[in-house]
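This report refers to the structure that appears directly beneath it.
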DNA sequence: CGCTGTATTGACAACGTTCAACGGTTGTGG
DNA sequence: CCACAACCGTTGAACGTTGTCAATACAGCG
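Protein chains in written order, with the numbering used here: chain A, -3 to 228; chain B, -3 to 228.
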């Protein structure tokens, strides 16, 4: 699974731009490159956190399972973002399970290198901060939605967030170009797949979206925005 | 409102323990101490973020108001925690409103000093990281609750969290020793004050808690735990 | 071709919000 | 010192949204 590090992929990332050439080499010295096929797990919830990662290519889904067994999706990881940084949360185990949604490549460092790297390279500290900061803002947005909005608005928000993170323009709309099941949307929205199904069929009737098995094409972004803002 | 910095309050905080004596002096050089009476606002949602803070003494409540005007409480700030660190979230304005719940003292730095302090003092970076990391974990816990649990469990979680952050042991139970209105609990739990009232009266009937005007005494922590875990 | 995972749909029950009215406490001004 | 207003909390009833249960359909895959 280990391969040589692809410099072309690395050089574009904000982290390494910030670090400069010398810094980049120093940071990469202790890293290994890993490849994960679609569906492969990078780490499991509860497992000892002995590595941290940055995603170079592809897309991951981080989910947690509650004590009652109900799963929720915590985060979608995009290229350039750090993940598995349990140490930043003062944890020794991973709080969630990371699964590759599509074919992915990540750099991995041993967690013992964390403190040293963090202190020596401000660029890493800044990137880690921004990753966590971004997550925190998304988390607060979700809390606001879950606490104050009805299902339809929440689903609209979820779809819009997916579009902005993973959307690809296409004739007649924007496609979410990786397998999203209704179950996924339900877990992101805090509802059940049944209700999601109902909402989406209603939207489809009005020509807002076009669904399919693990597929979704958004036809009318503006209208979706209005729904998510509570105007409709 | 400015006063001299109380070293006794400062020295105990993890941030300054980590920074050492020399580091502490350097960090404090650009800080001013501020006092806020109960109910006073430290900053307002949307206001330009020109300062960041660490709470020395007292207790703050950070809340956000949604576009529809419904408020939710985002965070309770305890002594030793950083707050108003908009820069870490890559924002130029404060995302919420910070209000002193009880008489409070905070240190304030101009936001322009952020980058310099952050790079020069790893202790500050670590503390900031831990503050945000802790918030992120709490946020994820709340998301899990809101997405999967019924109102009673959520209220139980909220009360337990309040107890662990602000509880004072007392004859016959643990008191939350600052004014908590049912409205506050409702906003933290993502429900309405009516429902909170019903839940608490039911609990009171079973001897779990004892309520009062803006007061709450928890009599049976273990049982509350069980409710929050879904055992009851 | 049957199996498994995913999706659709209807009927129904329940939980929680909304609406409305009322009771009690605190603080204020005459 | 009392009357009054403002605020906080309680409670009942009705309504609506959403989850639950159940049956069915369909696609992909061995």
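Cβ coordinates follow ideal geometry from the N, Cα and C atoms, glycine included.
The beta-carbon distance between residue 10 of chain A and residue 76 of chain A, rounded to whole angstroms, is 6 Å. This is short enough to meet the 8 Å contact definition. For residue 22 of chain A, no Cβ of chain B is located within less than 9 Å of the residue's own Cβ. Chain B places no beta carbon closer than 9 Å to that of residue 35 of chain A, leaving this residue out of the contacts.
A straight-line Cα-Cα distance of about 10 Å links residue 193 of chain B and residue 151 of chain B.
Under the DSSP assignment, residue 153 of chain A falls outside any beta strand (DSSP E), being part of the alpha helix (DSSP H) whose first and last residues are 147 to 162. Taking a C-beta cut-off of 8 Å against chain B, the contacting residues of the segment 91 to 121 of chain A are 91, 114, 115, 118 and 121, listed in chain order. When beta bridges are read from the DSSP output, residue 166 of chain A appears opposite A:169. With respect to the C-alpha of residue 135 of chain A, the residue from A:68, A:30, A:25 and A:197 having the closest C-alpha is A:68. Looking at the backbone, the Cα of residue 3 of chain B and that of residue 156 of chain B are separated by about 33 Å. Counted as a single uninterrupted DSSP element, the alpha helix (DSSP H) harbouring residue 122 of chain A occupies residues 118 to 144. Residue 220 of chain A and residue 59 of chain B have their C-alpha atoms spaced approximately 27 Å apart.
Residue 32 of chain B is bridged by DSSP to B:100.
In the DSSP secondary-structure assignment, residue 50 of chain B is bridged to B:78 and B:103.
Sorting B:203, B:198, B:182 and B:213 by C-alpha distance to the C-alpha of residue 66 of chain B places B:182 at the top. As the crow flies, the alpha-carbon of residue 79 of chain A is around 15 Å from that of residue 31 of chain A.
Contacts between residue 181 of chain A and chain B, judged by CB atoms closer than 8 Å, are missing: the closest CB pair is about 13 Å apart.
Exclusion of the five residues before and after residue 205 of chain A leaves 196, 199, 212, 213, 214 and 215 as the residues of its chain whose Cβ lies within less than 7 Å of its Cβ. In the three-state DSSP reduction, residue 175 of chain B falls in the coil class, being neither helix nor strand. For residue 10 of chain B, the enclosing alpha helix (DSSP H) stretches over residues 10 to 24. By the 16-neighbour rule on beta-carbons within 10 angstroms, residue 161 of chain B is exposed. Residue 70 of chain B belongs to the set of residues whose beta carbon lies under 9 Å from a beta carbon in chain A.
Counting only residues of its own chain and dropping the five nearest sequence neighbours on each side, residue 71 of chain B has a CB closer than 7 Å to the CB of 58 and 131. B:48 is the residue among B:48, B:100, B:88 and B:164 whose C-alpha sits nearest the C-alpha of residue 120 of chain B.
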